[in-house]
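Protein chains in written order, with this note's numbering: chain A, 1 to 398; chain B, 399 to 1493.
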């Protein structure tokens, strides 16, 4: 019952206060507060390195129902800076569950808060934009906490990638296994290939399902640190390069830009989320911060060439910019001019016309703002990994 | 893609009368479809036999046929209207089945009509279980092992394959009708026979039972560009083995990981593509093994459904409306999301609340019916509640049910306990039994299980209910015990005070958990009003625990909701944002039940439409997800809330309306009239005092005397002796009913003293606190129903309906004719004058319904209801005046003359209403009609003469009159002279006659050729054998004593099951003869409501 719980406070930098109950690791945590509207997949969200530096509000009211299962992790640890819930389930129920959410949060030192009117908080963030906040189990004076929240460094221009990237290169062998995702949308027949594609994944905070789906698509995957030079990647002689997702502002990862510029056109590149944004900067395009980002598993994205819609998993606060008239002009896809030749805008958000995908006309580059690897979320876009292998095939043929 | 221009005239078929498994959700979907297609400029031709639907309002379609949904009628309409396309997916199984038949008979092809929404191939692949199984195998999905059978022999082979327990499912029935779980050979054999009988194609499926698996449903939409979205995953709280319509269900799914859910989503998308539903929605059901996560596909409905209505209300995503737009060629990305207005329908709703549906049952009305829940649906309605948590939604849903339970009340006197001390060991076993057995009360027994000390693990093992749900119930029970522990602080015996040391934070938390003040009052031993008053002062101080309203917005607040579709919760921010306009609150009817269904929803919708015409803001309050009234675009503001005093007062305090309307939603809002009035809420229309004058037995008698009218002799008995004396002085037979029940519950006719004594001893509690009401039963009287409308000065008698059955049969169950088909002018005049006098005396403002009985020219007043009645939609459609709309305008001060409404002229047509019954679904041992209402729905037959109108009403009710064959008569002595006339007429029409010995002798004596058949007790072959062998085509069976009632029960039951028309009154039989004569004289014609009532 409520009375047996430790009180906790969430304070936002604009002075808004929410009172709730302590959850997870005992202490205090700060970060940018963002909301995620997915109804399933809290474990995947907690373990997604892209949430590093952010505290996640789940809009779904019951979280923790099915506990924590080993297979469902997206990285080796939980990264979210804090977890904000309406209600956490105490006793999970699922045949695969090994831990309860609460225990898992303690184990991974994630400070949480529950008993929050997450709908009121979400509406606040929607209307006033995402902002920094603090969860505290220790301090009972809201004014003190608001001051602390104001001192949290802004996410703009910060390099969060260096904290989440792998220290050393490593091989990845595991596919999706039991949880195989068969591409069912837009699938062209997958041609078996004699030898595996050699892929270098630049780890800006990669989700493991990207690696698993690459393996499923017939790739030998090597993950390399975010700071790996173009020279070193060339030395690996991969068939293709993946620029992974990751946390924060792409402007904070400028060091990767010149390296990417050296790789564009050399071998096929697949950019995902932060990888897409850094690629955008490498193409001399602007990036900008969205008011409260896209975080959820129900985002409609239109393929502007086929006019078909995919329901996608999304998690981004920043986006690659373009003038408003670039979207959906009756079947003639808009192209952007870049130092590497024209880039076609291939995908756009149906909700706010944000650029969600682009592809090089003269150079073999596929780039997506959303998450074709899903996890959590729908599998509508998993075919893109096969499109990438096809791109490697055709590039080889050239 | 642009809308299709290759067709212009679209035909839609509705689902016909309300039956178990097919309720007003199809009015909701059909109404949405009509509106959506008309908006696009298509010409709409509609067929539905159910007059109580909003969709059959003449404004909705261009051509509205209220005619039987039969092949002959459809073909006649095709001939007249030449539609280009038929949309078969909006009218439930009825529309789908007739579409299959139209295709198979080549009728669609003959008229060049294309199917839109779903092709014949897709319908067939989804509906034919064998084809479905093969299709699933092709796409690598698993279905439960099964085998199709057409005979008992084949069944023997099938059971060897699947083993026990096995599910027996008849093909092509709705609501899983006829489906059962067999645990042994004996059960299996009888279920197989039953299934082969009930299946329209004489076919059944024997299927491996997945009892105990978790059950999920996905609502899937697809457009012609092959975009697919899942509207909502729904999880059944009750495990597999209970029909989903009878299960408590919850959205979103609670116990699936993302990996499991996405696997299911992938499967659903593969299925809709494989089955080939090109555009529109489908419902797909899955079973999941809780031990291994294995998923199997149970079934798919290639159409909108009860679940799609639920998913629409649960998410704010209007599936039927969008399915209609997809059917004419739009794609999801082209259709706006009405709620956000800035996004598109091409997305998947996400919800930040919990939605719970609980079915509502009516077993108490069917003596001997089996209340065990199984694979065929038995519930008659449902209620939905929204809360921010499961617990809140659950408690709101419970009180929405209106079964006099304000929460998880104990059925074992264990309220306030947790792991009872001292342990109630003697209760553990009976509670365990009650929990093991799935039935309507199980939810409450679960709570008692925890109270008595059963463990969560045990309860989960007994019930297969997922521990997550049980833990929620356990927490509520524990919390109740915490609250009850403060009971001792109550100041002695004064329930108007709350406990003195009650911590406010506990009560604030209770409100967040969805507790009603009434339940808290029970636990604390104080009154709900005392608690409410105290709570309010405290909440202002604490700035906590105040009711707030949140919006259903499809997107978990990511975008602003422009549509005020609201539910209450105890949160930090309120999104109600009431306006300062002039506004009126309409209280809806709550869950469908017998006696209160779609008719009242129709009235509420009309009230809303009338207010819109008057530019008054409308606020709808209701909790029934099947209805049109809870469509968010019917009213300006929709509160999806329980209809209890507390919940309604909260809304009124927030909205501060100009007035509240209680006349239209049936008993539910009427019960609230007085409490709301006392709380100072302005009630529009007839005053609560007038309502009381009509409802209170003594005040009513005074009224009748004052007006010089007649009523049957009556009395109130407070003991058995008194009952016997009163019955004796009135004279048998008498009609009796307990005073403490509503809606004709336990109302029966007593033919003699022994039956009366037996009734008192076995059926009711009789005491000074619970008296018995006894009325004279007017033998062979004709009952007449009148709907009138009054503005306080002028009264118009809108419709006089003559019942076909005798007085004594509940008016809701009796067929009736408008205008009367055999009353003489003087009687009609007397009825009109009495009605006007009653309306003037009661100062009726709005609608009024009066029931009369006419016995040998004398007119008796049986009852007066100063409110919208069940027959309002029927009368409105028969006379061409939307009475509920007019009444709403009158309540806002318009006069009848201002509105241009005058006494209806005589018509050139007759309209007959007939009732439909759920007997076969509930396995009811008898089907005899009586004073207690038992029908679930109604149909209307309309034609130039009574005979055809009656024949149509019978065909629409699924009991078409025969035009040749054998007719069986078995009548009571008093009816024999009449039977002789009737027999003579039937012989002349070419029918063969059979009769039981007494009747046969009499008929022969009167010169009628007839074959004698054995009664059941007289040896075989007997009457029931003939019925079972389909050697009889119509049964006329009247009874005069309790004994003959019992003896003849198998005749009626078997006729029903064999689909043979039967009549239990001579009046009904006469009507049938008139119907048969008419159909033999001239052929079927069809006509639209627009033609009957030219504007």
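Built from N, CA and C at the ideal position, the CB exists for glycine as well.
Nothing here was measured: the structure is a model prediction, and the numbers come from that model.
(request) Let me know if residue 1204 of chain B comes out buried or exposed under the rule of 16 or more other beta-carbons within 10 Å of its beta-carbon. (result) buried
(message) Run through chain A and tell me which residues come within less than 7 Å of residue 659 of chain B, C-beta to C-beta.
(response) 40
(request) Anything in chain A within Cβ reach of residue 461 of chain B, meaning under 7 Å, just list it in chain order. (result) Ordered by position in chain A, no residue passes the 7 Å Cβ test against residue 461 of chain B, which lies about 36 Å from the chain.
(request) Determine the DSSP secondary structure at residue 250 of chain A, reduced to helix, strand or coil. (result) helix
(message) Here's the rule I'm using: 16 or more other beta-carbon atoms within 10 Å means buried, otherwise exposed. How should residue 5 of chain A be labelled?
(response) exposed
(message) Is the beta carbon of residue 91 of chain A closer than 9 Å to that of residue 157 of chain A?
(response) no
(request) Taking only beta-carbon positions, decide if residue 15 of chain A is within less than 9 Å of chain D. (result) In the structure shown, chain D cannot be found, because the protein chains are A and B.
(message) Which same chain residues end up closer than 6 Å to residue 731 of chain B when comparing Cβ atoms and leaving out the 5 residues on each side of it in sequence?
(response) 742 and 744
(request) Starting from residue 1336 of chain B, follow its DSSP beta bridges and name the residues at the other end. (result) B:1313
(message) For residue 554 of chain B and residue 1423 of chain B, I'd like the C-alpha separation in whole angstroms.
(response) 25 Å
(request) Would you identify the three-state DSSP class for residue 816 of chain B, choosing helix, strand or coil? (result) coil
(message) Along the chain, where does the alpha helix (DSSP H) containing residue 1351 of chain B start, and where does it finish?
(response) 1344-1354
(request) List the DSSP bridge partners of residue 7 of chain A. (result) A:21
(request) Please report how far the alpha carbon of residue 421 of chain B lies from the alpha carbon of residue 1311 of chain B, in whole angstroms. (result) 18 Å
(message) Taking CB distances under 9 Å as the criterion, tell me whether residue 730 of chain B reaches chain A.
(response) yes
(request) Report the residue from B:1417, B:1434 and B:1482 whose alpha carbon sits nearest the alpha carbon of residue 1398 of chain B. (result) B:1434
(message) Beta-carbon within less than 6 Å of residue 568 of chain B's beta-carbon, same chain only, minus the 5 sequence neighbours each way: which residues are those?
(response) 576, 593, 596, 597 and 602
(message) Our contact map puts residue 1091 of chain B next to residue 1101 of chain B with C-beta atoms below 8 Å; I'd like the distance itself, whole angstroms only.
(response) 6 Å
(request) Count the other CB atoms, across all protein chains shown, that sit within 10 Å of the CB of residue 128 of chain A; report buried if there are 16 or more and exposed otherwise. (result) exposed
(message) So, for residue 649 of chain B: in the same chain, excluding its five sequence neighbours on each side, which residues have a beta-carbon less than 6 Å away from its beta-carbon?
(response) 630, 632, 712 and 753
(request) Please check if any C-beta of chain A sits within less than 9 Å of the C-beta of residue 1252 of chain B. (result) no
(message) Checking 9 Å against the spacing of the C-beta atoms, do residue 74 of chain A and residue 207 of chain A come in under that value?
(response) yes
(message) I'd like the list of long-range same chain contacts for residue 1145 of chain B, defined as Cβ closer than 6 Å, with 5 residues on each side in sequence excluded.
(response) 1135, 1329 and 1330
(message) Report the CB separation of residue 95 of chain A from residue 688 of chain B in whole angstroms; it is logged as a contact under 8 Å.
(response) 6 Å
(request) Given a cut-off of 9 Å, decide if residue 228 of chain A and residue 198 of chain A are closer than it, judged by their beta-carbon atoms. (result) no
(request) Could you please give the first and the last residue of the uninterrupted beta strand (DSSP E) stretch that includes residue 407 of chain B? (result) 407-411
(message) With H, G and I counted as helix, E and B as strand and the rest as coil, what does DSSP make of residue 382 of chain A?
(response) coil
(message) By DSSP's criteria, residue 351 of chain B is part of a beta bridge. Which residues make up the other side?
(response) It is not possible to answer for residue 351 of chain B, since the shown part of chain B is limited to 399 through 1493.
(request) Compare the beta carbon distance of residue 1245 of chain B and residue 1270 of chain B with 9 Å and say whether it is the shorter of the two. (result) yes
(message) Nearest by alpha-carbon distance to residue 1462 of chain B: which of B:794, B:726 and B:1212 is it?
(response) B:1212
(request) Starting from the C-beta of residue 1361 of chain B, find all residues in its chain whose C-beta is less than 8 Å away, skip the five residues before and the five after it, and write them out in chain order. (result) 1474, 1477 and 1478
(message) Quick check: what's the CA-CA separation for residue 1317 of chain B versus residue 1143 of chain B?
(response) 17 Å
(request) Compute the beta-carbon to beta-carbon distance between residue 783 of chain B and residue 1040 of chain B, rounded to the nearest angstrom, for a pair I have assumed lies under 8 Å. (result) 7 Å
(request) List the residues of chain B that residue 350 of chain A touches, going by C-beta distances under 8 Å, in chain order. (result) 731, 741, 742, 744 and 745
(message) On the CB-based measure, 16 or more other CB atoms within 10 Å of its CB, does residue 1000 of chain B come out buried or exposed?
(response) buried
(request) For the region 79-90 of chain A, enumerate the residues whose C-beta is nearer than 8 Å to any C-beta of chain B, in chain order. (result) 86, 87, 89 and 90
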